[in-house]
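As structure tokens, the structure follows; a few thoughts come after it.
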Amino acid sequence: MALEVIEIRDEESGSSAKIAPTFGFNCFEFLAKIEDQAIDVLWSAPDFADGTARPSSSGIPLLFPFPGRIKGTRLSWEDRQFEIPEGDGRGNAIHGFVMNRAWRVTEQTESKVTAEFQAAQDDATLLEQWPTDFKVTATYEISNATLTGSYCIENPSAKPLPFGFGTHPYFRVPIGGASADACEIVVPYTFEWEFKDQLASGNQFNRDTDPFQPMLFKETQFDNGFGGLECEDGLCTTSIHDPASGRTIEQQFDDQFDSVVLYNPGHREAFCIEPYTCIPDAFQLRRQGYDGGLRVLASGDTFETSIRIRVK
Numbered sequence: 103m104a105l106e107v108i109e110i111r112d113e114e115s116g117s118s119a120k121i122a123p124t125f126g127f128n129c130f131e132f133l134a135k136i137e138d139q140a141i142d143v144l145w146s147a148p149d150f151a152d153g154t155a156r157p158s159s160s161g162i163p164l165l166f167p168f169p170g171r172i173k174g175t176r177l178s179w180e181d182r183q184f185e186i187p188e189g190d191g192r193g194n195a196i197h198g199f200v201m202n203r204a205w206r207v208t209e210q211t212e213s214k215v216t217a218e219f220q221a222a223q224d225d226a227t228l229l230e231q232w233p234t235d236f237k238v239t240a241t242y243e244i245s246n247a248t249l250t251g252s253y254c255i256e257n258p259s260a261k262p263l264p265f266g267f268g269t270h271p272y273f274r275v276p277i278g279g280a281s282a283d284a285c286e287i288v289v290p291y292t293f294e295w296e297f298k299d300q301l302a303s304g305n306q307f308n309r310d311t312d313p314f315q316p317m318l319f320k321e322t323q324f325d326n327g328f329g330g331l332e333c334e335d336g337l338c339t340t341s342i343h344d345p346a347s348g349r350t351i352e353q354q355f356d357d358q359f360d361s362v363v364l365y366n367p368g369h370r371e372a373f374c375i376e377p378y379t380c381i382p383d384a385f386q387l388r389r390q391g392y393d394g395g396l397r398v399l400a401s402g403d404t405f406e407t408s409i410r411i412r413v414k
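See below:
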């Protein structure tokens, strides 16, 4: 069955975006209009709108209450054990609970849409899989050649809420040029987390090049995490530049995001720069005495952030 799709549009520029509220509130298309040219920013599987594609492999999956993997399928928290479904084909839980579930749209205008997901209201079985209830609200707004995602996490329960939040955007390459190979990628990290079996071990290796030195797409092969992000005025800027077309996709997020995961899909038609508030399996790192960025939200508290994607 085809997915429900909501389209938002900036009337002045003609830029538009499509979001699937019943499939994780995934923004799976962003067409940025510049000088009468439409730049297709996000890669999505051809059958995504049919509801048959993997929810983690297209557009902008929203990852909560944990981004990346948790080792195995058991979470230990405050002397309690929680069973979490396996999701990566290797025996690990992955990418949280909200990316493949239906969200409720709460507000919509021509250029903006807001939806929310709360475990107790939208899938009470999740209360057996996580230490507390949680509520996530997301808004997508389009203006000129910019798409802004705003995110609010609330703890409506009486107990502390442990969490990590991340997004998993698939940026299409090339950006109007003939080949992706020459695309230049800038991610200003200063160290790399060592990954073993796709999980952070706790070891870190300092970057031996300038954080702002571009990487050529043809030389990238990633599925691991990085930290020590360089920020200016509290904002971190990542980019993909296509020298053939002169176009750049810029992603900007605040310093509440502790890490990024970089990922090359096997089809190599996209490159993922994923802002995470914690490194994958920050729970295990915490038990081992490492700071992986795990956050704990007190009862009644909220966490708010935003991510801006624009084409230049």
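Under the numbering used here, the first residue of the sequence shown carries the number 103, and numbering increases by one thereafter.
Note that CB positions come from ideal geometry on N, CA and C, so glycine has one too.
Keep in mind that this is a model prediction, so the values were computed, not measured.
Is residue i helix, strand or coil by DSSP?
i      : result
Arg309 : coil
Gln353 : strand
Leu318 : strand
Arg388 : helix
Phe150 : helix
Ile141 : strand
Thr379 : coil
Tyr291 : coil
Asp344 : strand
Gly279 : coil
Ile411 : strand
Ser401 : coil
Output yes or no for whether 8 Å exceeds the beta carbon distance between residue i and residue j.
i      : j      : result
Ile342 : Phe373 : yes
Ile162 : Pro271 : yes
Asn308 : Val363 : no
Leu164 : Phe127 : yes
Gln300 : Arg171 : yes
Please classify residue i: is it buried, with 16 or more other beta-carbons within 10 angstroms of its beta-carbon, or exposed?
i      : result
Phe314 : exposed
Ser146 : buried
Glu294 : buried
Lys320 : exposed
Asp403 : exposed
Leu318 : exposed
Lys120 : buried
Thr311 : exposed
Counting only C-beta atoms, is residue i closer than 8 Å to chain C at any point?
i      : result
Cys338 : Absent here is chain C; the protein component of the structure consists of one chain.
Touching or not, the segment 372 to 388 and the segment 345 to 363, by the rule of three or more beta carbon pairs under 8 Å?
-> Segments in contact, yes.
Complete runs of the alpha helix (DSSP H) confined to the segment 182 to 261 [at least 4 residues] | Secondary structure remark: continuous alpha helix (DSSP H) runs of at least 4 residues inside the segment 182 to 261, in chain order: 221 to 224.
Kindly confirm or deny that the segment 130 to 142 and the segment 189 to 207 touch, where touching means at least three C-beta pairs closer than 8 Å.
-> Segments in contact, no.
Quick one: any contact between the segment 212 to 220 and the segment 232 to 249, if contact means 3 or more CB pairs under 8 Å?
-> The segment 212 to 220 is in contact with the segment 232 to 249.
Taking 8 Å as the threshold, find out whether the segment 387 to 407 comes into contact with the segment 253 to 260 through three or more Cβ pairs.
-> The way I'd put it, the segment 387 to 407 does touch the segment 253 to 260; three or more beta-carbon pairs between them come closer than 8 Å.
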